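In the numbering used here, the protein residues as written are 1 to 306.
Each remark here refers to the structure printed beneath this line.
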């Protein structure tokens with residue numbers, strides 16, 4: 001990760017340092033780790049227009065805080081409001097929470113600390129916690145368990161949304177579709193990142209999914225005003241659909257969202273199955289290597305005793 005960040009243009013590196021400096025000044029974290037960066041560059045050349053060179057970055061930051069209340073929402077809001085050129089997706093946790101997760105061989109935190117780029121440390125000394133080895137077999141088994149737990153919920157909400165839609169309860173149907181997308185995102189994140197998200201905001205969930213695949217966000221984040229409008233209806237349904245009488249969804253919008261949500265579920269299933277296959281293959285390879293090493297060790301021991 002550090003090598004990748006160093007390959008960014010100087011102005012982008014300065015941009016990231018500026019983001020970190022603002023977060024440090026505002027929230028006084030213990031550490032900030034970058035566990036992902038998506039860099040997009042667009043060059044434009046034409047005989048009839050000025051040449052342009054534009055870059056847009058999406059940074060994924062793990063902010064480690066001291067004891068006290070969890071401040072992830074505040075940190076994310078601050079980062080969003082103060083960084084307009086690209087995107088910053090923030091996960092913030094207290095150091096005690098992270099230490100417990102590391103002791104339980106959390107695949108997400110172990111990998112973020114081992115492979116992520118340390119951008120800031122309050123003490124000035126780079127003292128990283130002991131990182132246990134994550135068992136590939138357990139990682140695969142957990143991914144399977146979490147996938148079915150989340151995806152079963154998504155399927156249940158989808159059936160309820162389908163029923164509400166056919167009976168003319170369009171507000172209710174879209175609210176239930178929100179739950180489908182939320183649970184599907186959580187399934188994707190648990191399988192690919194082994195991170196337990198408690199985020200309800202669909203935009204943030206889809207942004208986090210971008211850390212491992214651009215496909216989930218593309219389903220809703222289209223380039224047309226109509227795509228933006230439909231996603232806004234879906235996102236607002238979580239709160240406004242329950243508490244604001246003026247929030248109303250017509251049948252045409254509900255059915256368009258239904259088609260998008262149905263496809264999103266199918267995509268979730270396919271992406272998760274592919275990742276589970278990768279985790280299973282890694283577990284089998286590790287087990288084969290361990291067995292081979294054990295056979296070699298036993299053979300050498302036998303030779304020594306003869």
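Don't be surprised by glycine CBs; every beta carbon is placed ideally from N, CA and C.
Fair warning: this is a prediction, and the values are worked out from it, not measured in the lab.
> So who's on the other strand from residue 117, going by DSSP bridges?
Replying inline: Looking at the DSSP assignment, residue 117 forms a beta bridge with 34.
>> According to DSSP, simplified to helix, strand and coil, what is residue 51?
In response: Of the three classes helix, strand and coil, the one that applies to residue 51 here is strand, per DSSP.
>> Among 106, 152 and 63, whose alpha-carbon lies nearest the alpha-carbon of residue 32?
In response: Considering only 106, 152 and 63, the residue with the shortest C-alpha distance to residue 32 is 63.
> Exposed or buried, what is residue 177 when buried is set at 16 or more other beta-carbons lying within 10 Å of its beta-carbon?
Replying inline: Here residue 177 is buried, its C-beta having at least 16 other C-beta atoms within 10 Å.
>> Let me make sure I understand the geometry here. Which of 224, 226, 183 and 194 has the alpha-carbon closest to that of residue 206?
In response: When only C-alpha atoms are compared, the closest one is 183.
> Nearest-angstrom Cα distance between residue 250 and residue 46?
Replying inline: Take the alpha-carbon of residue 250 and the one of residue 46: they are about 44 Å apart.
> By Cβ distance, which residues of its chain are closer than 7 Å to residue 170, with the 5 residues on each side in sequence left out?
Replying inline: So the list reads 249, 250, 251 and 254, once near-sequence residues are dropped.
> Measuring CB to CB, does residue 5 end up less than 8 Å from residue 17?
Replying inline: Not a contact, by the Cβ cut-off of 8 Å.
>> Just to check my reading of the structure: residue 36 and residue 56 have Cβ atoms closer than 8 Å, yes? What is that Cβ distance to the nearest angstrom?
In response: Incorrect: roughly 15 Å between the Cβ atoms, too far for contact.
> With burial defined as no fewer than 16 other Cβ atoms inside 10 Å of the residue's Cβ, what is the status of residue 68: buried or exposed?
Replying inline: Residue 68 comes out exposed.
>> Less than 6 Å between C-beta atoms, sequence neighbours within five positions excluded: which residues of the same chain meet that for residue 41?
In response: These residues qualify, in order along the chain: 55.
>> Bridge partners for residue 92 per DSSP, in chain order?
In response: In the DSSP output, where bridge partners are listed per residue, residue 92 has 63.
>> In the DSSP output, which residue or residues are listed as bridge partners for residue 56?
In response: Looking at the DSSP assignment, residue 56 forms a beta bridge with 40.
> Is it buried or exposed for residue 65, if we count other Cβ within 10 angstroms and need 16 for buried?
Replying inline: So residue 65 counts as buried.
> Is the beta carbon of residue 194 less than 8 Å from the beta carbon of residue 107?
Replying inline: Going by beta carbons, residue 194 and residue 107 fall inside the 8 Å limit.
> Between the Cα of residue 113 and the Cα atoms of 28, 29, 289 and 98, which residue gives the shortest distance?
Replying inline: Distance check between residue 113 and each of 28, 29, 289 and 98 places 98 closest, using alpha-carbon atoms only.
> Are the beta-carbon atoms of residue 214 and residue 188 separated by less than 8 Å?
Replying inline: Going by C-beta atoms, residue 214 is not nearer than 8 Å to residue 188.
> Would residue 229 be called buried (16 or more neighbouring beta carbons within 10 Å of its own) or exposed?
Replying inline: By the neighbour-count rule (16 or more Cβ atoms within 10 Å), residue 229 is not buried but exposed.
>> Is there a Cβ of chain C sitting closer than 8 Å to that of residue 139, yes or no?
In response: This model lacks chain C altogether; it includes just one protein chain.
> Which residue or residues does DSSP assign as beta-bridge partners of residue 262?
Replying inline: Looking at the DSSP assignment, residue 262 forms no beta bridge with any residue, so it has no partner.
> Can you tell me whether residue 281 is buried or exposed, with buried defined as 16 or more other CB within 10 angstroms of its CB?
Replying inline: Counting other Cβ atoms within 10 Å of its Cβ, residue 281 stays below 16 and is therefore classed as exposed.
>> When you compare the stretch 263 to 283 with the stretch 195 to 202, are there three or more beta-carbon pairs, one atom per stretch, that lie closer than 8 Å?
In response: Because the criterion of three Cβ pairs below 8 Å is not met, the stretch 263 to 283 and the stretch 195 to 202 do not touch.
>> Rounding to the nearest angstrom, what Cα-Cα distance links residue 192 and residue 101 in this structure?
In response: Computed Cα separation, rounded: 17 Å.
> Taking buried to mean at least 16 other C-beta atoms within 10 Å of its own C-beta, is residue 239 buried or exposed?
Replying inline: Result: exposed.
>> Going by beta-carbon coordinates alone, are residue 180 and residue 261 separated by less than 8 Å?
In response: Pairing residue 180 with residue 261 gives a Cβ-Cβ distance under 8 Å.
>> Would the stretch 156 to 175 count as touching the stretch 130 to 148 if we require 3 or more Cβ pairs under 8 Å?
In response: Flag = no, the stretch 156 to 175 and the stretch 130 to 148 do not touch.
> Can you give the Cα-Cα distance for residue 269 and residue 73, rounded to whole angstroms?
Replying inline: Distance between the alpha carbons of residue 269 and residue 73: 29 Å.
>> To the nearest angstrom, how far is the alpha carbon of residue 61 from that of residue 48?
In response: If you take the alpha carbons of residue 61 and residue 48, they lie about 40 Å apart.
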